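Trainee:
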Amino acid sequence: MKTASVGKIGGFPILYQILATLCIIALIPLGGLWYIGIYKAKQDWTNIIFKNLVEATETLSSSVDEWTDMNLSALEQNALTPAIRSMDTEQQHPILRSITDAYDWVYLAFTVLPNGQNIGRSDTKPLKYYGDRNYFKQVMSGKTQGQQVLLGKTSGKPALVLAKPIPGSAKKPLGVIAIAMSLKDLSKTVTNTKIGSTGFAILLDANNRLIAHGQGLIAAELQDFSHHPALRKLNSPNQDSFIFEENSHKIVSLAKTTSYGWTLIVQQDYAEAYQAANRARLNAVFLLTATCLAVLIISYILANRLSSPLRNLTRIADEISRGKLSIKIPETTRSDEIGALALAIERMVVSLQIAFERLRKR
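In terms of this note's numbering, the numbers along the sequence shown are unbroken and rise by one, the last being 362.
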């Protein structure tokens with residue numbers, strides 16, 4: 001009959017069984033909590049980024065609308081004056097001139113008859129025909145105001161024309177009063193808007209042509225910006241869809257239409273927007289790795305503390321089976337189950353010694 005040797009124990013050693021059990025018990029909940037914490041942190045940071053973009057867009061939109069409202073109010077007030085309503089060139093000239101003097105950005109104030117013929121101007125240039133202009137057509141079609149962005153012939157930069165009807169005694173207007181103005185001050189408001197080091201704003205007209213760009217892109221040709229990815233989600237911002245690819249570059253961006261039909265786009269590099277979140281995630285990964293190492297080390301110490309005496313008792317039991325009854329069992333000093341097992345083995349050894357002593361006496 002063969003006896004099994006202690007050194008030839010097969011299967012999965014108890015040390016690794018205990019170690020695996022301790023690691024599973026500790027690491028699975030820890031990993032789950034870490035994943036939930038990281039996911040929640042990213043969601044929170046996404047909310048912050050989205051909120052910042054919304055606030056920047058709303059603030060800029062209000063600034064653009066207030067600036068437009070101010071100019072339209074000035075037009076409306078002057079349209080009600082007797083001099084403008086007289087539709088007489090000589091009477092209108094001082095009023096039109098006072099408008100350009102009062103507002104630095106207005107370089108021309110003028111009036112147009114219902115047939116499209118220019119009748120009054122703030123400058124001394126010859127009268128022109130404006131019946132083919134969009135702003136004139138908008139007012140004469142019954143709209144409360146007209147507007148058109150065009151490229152200034154003198155400045156070579158985008159200019160805005162705003163128009164209001166000159167009220168008459170009948171339902172039809174006596175004509176149209178309009179101002180042509182530089183967008184320099186408005187563009188400065190847009191270009192001075194910064195979000196971090198990479199975030200900026202873009203202002204487009206009603207036809208998605210560039211008026212102002214926060215990175216200093218020249219709007220001299222009124223470039224078409226219909227390709228901007230944020231325009232796909234215009235006026236429907238969503239926390240799940242404000243991340244886009246622009247020229248193979250990841251950005252966060254929102255677009256909003258102003259009250260007068262212009263479009264504001266605010267964007268920032270994805271990497272910068274999520275920099276703090278990514279840093280927090282890296283710190284969390286480092287902390288998780290350190291915790292896992294600590295758990296492994298502690299688990300190994302505990303597993304070894306449990307398995308080592310068991311291996312020793314197995315060796316002792318093997319020695320006893322070979323007839324070595326004088327062996328000492330150090331584990332008897334323990335006060336746990338292993339100590340109880342060691343005491344039981346010790347009692348067994350004593351019983352065997354008594355039994356062998358009796359056999360010798362026979």
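C-beta: ideal position from N, C-alpha, C; glycine also.
These numbers come from a predicted model, not from an experiment.
Relative to the C-alpha of Ser61, which residue among Leu210, Thr189, Ile329 is closest?
Mentor: Closest option to Ser61, Cα to Cα, is Thr189.
Trainee: Pairs of beta-carbons, one from the segment 258–267 and one from the segment 45–59, closer than 8 Å: are there three or more?
Mentor: These segments touch.
Trainee: Out of curiosity, what's the CA-to-CA distance linking Arg334 and Ala340?
Mentor: When only Cα atoms are considered, Arg334 and Ala340 end up about 8 Å apart.
Trainee: To the nearest angstrom, report how far apart Lys157 and Phe225 are at their CA atoms.
Mentor: 16 Å
Trainee: If Phe244 sits next to Leu53, beta carbons under 8 Å apart, how far is it from one beta carbon to the other, in whole angstroms?
Mentor: Not confirmed; about 12 Å, so no contact.
Trainee: Using DSSP with H/G/I as helix, E/B as strand and the rest coil, what is Leu217?
Mentor: coil
Trainee: In terms of residues, what are the limits of the alpha helix (DSSP H) holding Arg305?
Mentor: Element bounds for Arg305: 275–321.
Trainee: Helix, strand or coil for Tyr103? Go by DSSP, reduced to three states.
Mentor: For Tyr103, the secondary structure class from DSSP, reduced to helix, strand or coil, is coil.
Trainee: Tell me the residue span of the alpha helix (DSSP H) that contains Asn134.
Mentor: 134–140
Trainee: Since I believe Gln91 is in contact with Ala83 (beta carbons under 8 Å), could you give me their beta-carbon distance rounded to a whole number of angstroms?
Mentor: Approximately 4 Å separates the beta-carbon atoms of Ala83 and Gln91; this is inside 8 Å, confirming the contact.
Trainee: Suppose the cutoff is 7 Å on Cβ atoms and the five residues either side in sequence are ignored; what does the same chain contact list for Ile345 look like?
Mentor: Leu313, Ile316, Ala317, Ile329
Trainee: Would you say the segment 170–182 touches the segment 136–149, given that touching needs at least three Cβ pairs under 8 Å?
Mentor: yes
Trainee: Please list, in chain order, all residues of the same chain as Ile18 whose beta carbon is under 7 Å from its beta carbon, the five residues on each side excluded.
Mentor: Ala303, Leu306, Ser307
Trainee: For Ser259, count neighbouring C-beta atoms within 10 Å of its own C-beta (all shown protein chains included) and say buried if the count is 16 or more, exposed if not.
Mentor: exposed
Trainee: CA-CA distance, Thr193 and Gly214?
Mentor: 7 Å
Trainee: Do the CB positions of Ile179 and Ala102 come within less than 7 Å of each other?
Mentor: no
Trainee: Can you check which of these residues, Ala273, Arg97, Arg281, Asp205, is closest to Ala255 by C-alpha distance?
Mentor: Asp205
Trainee: Taking buried to mean at least 16 other C-beta atoms within 10 Å of its own C-beta, is Glu221 buried or exposed?
Mentor: With fewer than 16 Cβ atoms within 10 Å of its Cβ, Glu221 is classed as exposed.
Trainee: Need the endpoints of the alpha helix (DSSP H) that Glu331 sits in, please.
Mentor: It is not in any alpha helix (DSSP H) - Glu331 carries neither H nor E in the DSSP assignment.
Trainee: By DSSP, does His227 sit in helix, in strand, or in coil?
Mentor: coil
Trainee: Indicate the three-state DSSP secondary structure (helix, strand or coil) for Pro82 in the structure shown.
Mentor: helix
Trainee: Among the residues of its own chain, which have a CB less than 7 Å from the CB of Lys128, if the five just before and after it don't count?
Mentor: Asn118
Trainee: Got a sec? Which residues, its chain only, sit under 8 Å from Thr191 by beta carbon, not counting five neighbours each side?
Mentor: Phe200, Ala201, Ala212, His213, Gly214, Gly216
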